[in-house]
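Read left to right, the sequence shown gives residues 449 to 591 (our numbering).
Every residue gets a Cβ at the ideal spot worked out from N, C-alpha and C, and that includes glycine.
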Amino acid sequence: MSSGESNPQAGTYTVLLYSDDQKVRDHMRLAIGTRPAPGLTVEFADAASWEECRRLVDDYEISLMVLDGEASPAGGLGIARQVKDEYKTPPPVIVVIARAADRWLAAFAEVDATLVHPLDPVETGRAVAAMLRSGKAPQVTSA
């Protein structure tokens, strides 16, 4: 079966990983994996700053943003809110937070989902797959 022909939710998606810390981005990538669920393939784009996030969202078909809520100087919650405010059709956003108690901040930032550090690979894969299958996430179209 080719990407998305029989199942519009199957296919290849681009997930933007944002953190100022390369180790955090690597941990996100490992927790998500390249195949978070059957039929879903993930390609990653990395950003270490808000400017890189903006460039990637502007220049590529980003299916999902996974943002580090503890990043500095631009935190994932602030970037999530800015993306929701500045883009007519923003990609869905998952923010990784340090404390479950910060979910109220995530709600204010209008994020689509939250995960809590340390990332559990099973929970992370399920959350990413659910977001990609929700129909909000654009698939990568092959040339």
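In whole angstroms, what separates the C-alpha of residue i from that of residue j?
{"i": "A557", "j": "R529", "result": "4 Å"}
{"i": "A458", "j": "G573", "result": "15 Å"}
{"i": "I480", "j": "I527", "result": "20 Å"}
{"i": "T482", "j": "L488", "result": "8 Å"}
{"i": "L580", "j": "M513", "result": "11 Å"}
{"i": "A548", "j": "D506", "result": "31 Å"}
{"i": "D550", "j": "P569", "result": "21 Å"}
{"i": "A577", "j": "D560", "result": "13 Å"}
{"i": "L504", "j": "A493", "result": "8 Å"}
{"i": "V490", "j": "D474", "result": "14 Å"}
{"i": "G517", "j": "P539", "result": "17 Å"}
{"i": "I545", "j": "L465", "result": "14 Å"}
{"i": "I510", "j": "V543", "result": "15 Å"}
{"i": "S520", "j": "C501", "result": "14 Å"}
{"i": "R498", "j": "P486", "result": "In the sequence as displayed, the identity of residue 498 is Trp instead of Arg. Rounded to whole angstroms, W498 to P486 spans 32 Å at the Cα level."}
So what does residue i bridge to, in DSSP terms?
{"i": "T562", "result": "V543"}
{"i": "L464", "result": "A493, M513"}
{"i": "G440", "result": "There is no way to answer for residue 440, as the model of the chain reaches only from 449 to 591."}
Can you look up residue i in the DSSP assignment and give me helix, strand or coil?
{"i": "G598", "result": "Because the chain in this structure spans residues 449 to 591, residue 598 falls outside the shown range and cannot be described."}
{"i": "C573", "result": "Rather than Cys, the amino acid found at residue 573 in this sequence is Gly. If DSSP states are grouped into helix, strand and coil, G573 belongs with the helices."}
{"i": "A578", "result": "helix"}
{"i": "A557", "result": "coil"}
{"i": "A519", "result": "coil"}
{"i": "D568", "result": "coil"}
How would you write the range of the alpha helix (DSSP H) that residue i sits in, first residue to last?
{"i": "G524", "result": "524-534"}
{"i": "E423", "result": "Residue numbering for the chain in the displayed model covers 449 to 591; residue 423 lies beyond these limits and cannot be assessed."}
{"i": "L478", "result": "470-480"}
Evaluate residue i with the Cβ neighbour count: other Cβ atoms within 10 Å of its Cβ, from every protein chain shown; 16 or more gives buried, anything less gives exposed.
{"i": "E415", "result": "Here the chain has residues from 449 to 591 only, and residue 415 is not among them."}
{"i": "T462", "result": "buried"}
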